[in-house]
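First the structure, in the form of structure tokens, and then the observations on it.
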Amino acid sequence: MITIKQIDRENITYLVHNLEGFEKDKAIKKGLQKAGKVFETGGKYRLRKVMRKAKGVTGNLLNSLFVRVKKNKPGVLTGFIRSTKNMLIGGGNHAHLVDRGTKDRYWKSKGSKYVGKMPATRFWSDTESQDYPQAINKLYEGVEEVVYRIKNRL
Numbered sequence: 004m005i006t007i008k009q010i011d012r013e014n015i016t017y018l019v020h021n022l023e024g025f026e027k028d029k030a031i032k033k034g035l036q037k038a039g040k041v042f043e044t045g046g047k048y049r050l051r052k053v054m055r056k057a058k059g060v061t062g063n064l065l066n067s068l069f070v071r072v073k074k075n076k077p078g079v080l081t082g083f084i085r086s087t088k089n090m091l092i093g094g095g096n097h098a099h100l101v102d103r104g105t106k107d108r109y110w111k112s113k114g115s116k117y118v119g120k121m122p123a124t125r126f127w128s129d130t131e132s133q134d135y136p137q138a139i140n141k142l143y144e145g146v147e148e149v150v151y152r153i154k155n156r157l
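Note that the working numbering has the sequence shown beginning at 4, numbered continuously upward.
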């Protein structure tokens, strides 16, 4: 999960200071949704770049990326859906292995057969570090857009 940490809270409250309670929430959630989408598109782009040469790729990790805005408090979750028993497609249970890689792995039983290793692709870590400034800008743009729309409606 990527968390946006350093938000200028005073700047956002200044933008929404004239709005009513539910309109403030709507404006802030729209900005958070746009910021989360930046991480989702950046992660998908970097994952596709890594997947081009890989063998045995099914696309489950790519399809499991999600963005969800929290309902009760300001925040957005961006990450991978964990698979469940009833899912039609596989989930993103192996996202950390693809991102950070593994050492040489061996079977623990039946003769210690070599299974292989996964080189680190760093697609999700790179997304967090490179797309963070753009996500903050989209957060402010989304809030400003909703505030402008609400003020024009009145």
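Positions of the beta carbon are idealized from the N, C-alpha and C atoms, including for glycine.
A quick note: this is a predicted structure, and the numbers were derived from the prediction, not measured.
Supposed contact pair residue j and residue i - C-beta distance, whole angstroms, cut 8 angstroms
i	j	result
L64	L80	17 angstroms between Cβ atoms; not a contact.
G145	K37	4 angstroms
G95	S67	4 angstroms
V150	V19	6 angstroms
I153	E13	Wrong, their Cβ atoms sit about 20 angstroms apart, outside the cutoff.
Identity of the residue in the options nearest residue i by Cα
i	options	result
V164	K32, F126, R152, E147	In the structure as shown, the chain starts at 4 and stops at 157, and residue 164 therefore has no counterpart that could be examined.
Y48	R152, Q133, E148, I139	Q133
S86	K76, H97, G78, P77	H97
R125	V101, E148, K73, K29	V101
V53	V149, P122, Y151	P122
F42	Q137, Y151, K120	Q137
H99	F83, Y117, K113	F83
K29	P77, N155, G119	P77
K74	K141, L35, K56	L35
G39	K141, K88, K58, T61	K141
G45	R156, E148, Y135	Y135
Secondary structure, beta strand (DSSP E): runs of 3+ residues fully inside the region 31–79: 68–72
Margin query: My parser needs the beta strand (DSSP E) runs of 3 or more residues fully inside the region 88–153; what are they?
Written below: 117–119
Discussion item. I'd like to know if the region 123–131 and the region 106–114 are in contact, where contact means that at least 3 CB-CB pairs between them fall below 8 angstroms.
Written reply: no
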